[in-house]
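Right, one structure below, let's go through it.
Numbering (my numbering), first residue to last: 267 to 571.
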């Protein structure tokens with residue numbers, strides 16, 4: 267099965283404006299008053315950031331939630347800038363290295379939380395919801411046509427720490443396929459639980475589709491390697507979230523291990539769930555929200571007003 271390649275939204279560059287301002291102040295004679303004024307200034311990041319929150323691909327569920335948060339918290343001056351996952355992490359890394367303010371749409375699992383000291387902004391309104399799960403979906407008919415692959419995908423379940431090992435290896439420069447293969451080799455006890463009772467196959471193809479986030483690059487390459495090891499010729503196709511769901515629902519792709527529920531991809535599940543098979547949760551405790559470096563003097567989305 268050959269899936270028509272879908273284009274990935276190109277990363278949009280983001281200019282982070284660091285505006286330093288100094289004013290002459292009268293000596294109030296009270297050190298406490300000066301500290302309070304300094305504290306207020308340190309949390310006023312709007313002008314420094316041009317009232318811009320750096321997002322990822324348009325159409326992603328986290329982008330819809332971010333737009334909803336802007337409205338719910340009455341942040342009329344703020345905009346969510348669409349870019350890509352890669353552009354978002356690049357903007358975050360550049361700002362972090364220079365200790366500049368930056369606000370991004372973020373999620374875990376993701377290697378950036380291991381690489382940088384970050385925090386989620388509190389979300390009192392619950393716009394981003396509670397912890398999410400990542401689900402595996404297959405096209406209808408896969409169980410009958412490729413039962414070995416179906417069984418592996420149905421059995422697949424791992425942890426945030428497992429995924430993090432592959433993401434960090436990739437971030438440190440290792441090839442995606444090599445990082446996944448190394449994890450599989452070092453975790454045969456876990457892999458054997460997914461492949462128990464599964465026979466080898468010959469001359470069978472399978473196509474996995476995934477949204478090109480760091481987390482899903484890690485999971486898809488890993489499960490692809492497991493399927494290769496039992497004999498499948500695996501094709502892995504990166505795309506955008508709407509096309510990922512559409513491809514599995516229409517049978518153009520066989521499966522995905524990258525559906526974030528109940529929030530991030532809820533709008534897509536509503537459109538396609540009747541034409542796919544939910545094989546269950548493969549990772550628990552995923553999370554989305556607005557993320558900032560720990561050094562920023564801000565704790566809640568409300569503080570952006």
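Think of the CB as a built atom: it goes at the ideal place given N, C-alpha and C, for glycine as much as any other residue.
Please read these numbers as outputs of a predicted model, since none were measured by experiment.
Query                                                                                                                   : Result
Nearest-angstrom Cα separation, counted from residue 356 out to residue 387                                             : 20 angstroms
Validate contact between the stretch 510 to 517 and the stretch 558 to 567 using beta carbons, cut 8 angstroms, 3 pairs : no
Supposed close pair residue 432, residue 443 - CB separation, criterion 8 angstroms                                     : About 11 angstroms; that fails the 8 angstroms criterion.
Cβ neighbour criterion (16 or more within 10 Å) applied to residue 389                                                  : buried
Length of the line joining the Cα atoms of residue 543 and residue 329                                                  : 26 angstroms
Among 475, 498 and 480, the one whose alpha carbon lies nearest that of residue 516                                     : 475
Where residue 311 falls: helix, strand or coil (DSSP)                                                                   : coil
Whole-angstrom C-beta distance between residue 418 and residue 578, which should lie under 8 angstroms                  : The displayed coordinates of the chain run from 267 to 571. Any statement about residue 578 would go beyond what the structure contains.
Every unbroken beta strand (DSSP E) inside the stretch 498 to 535 [3 residues or more]                                  : 498 to 505 and 521 to 527
Contact set for residue 423: own chain, Cβ-Cβ below 6 angstroms, skip 5 residues either direction                       : 548
Residues near residue 568 by beta carbon distance below 7 angstroms, same chain, minus five either side                 : 339 and 390
Per DSSP, cross-strand counterpart(s) of residue 546                                                                    : 402
Beta-bridge pairing of residue 345 - partner residues as DSSP gives them                                                : 318
Per-residue DSSP class, three states only, for residue 339                                                              : coil
9 angstroms Cβ cutoff, residue 367 in contact with chain D                                                              : The chain labelled as chain D is not found in the depicted structure, where only one protein chain is given.
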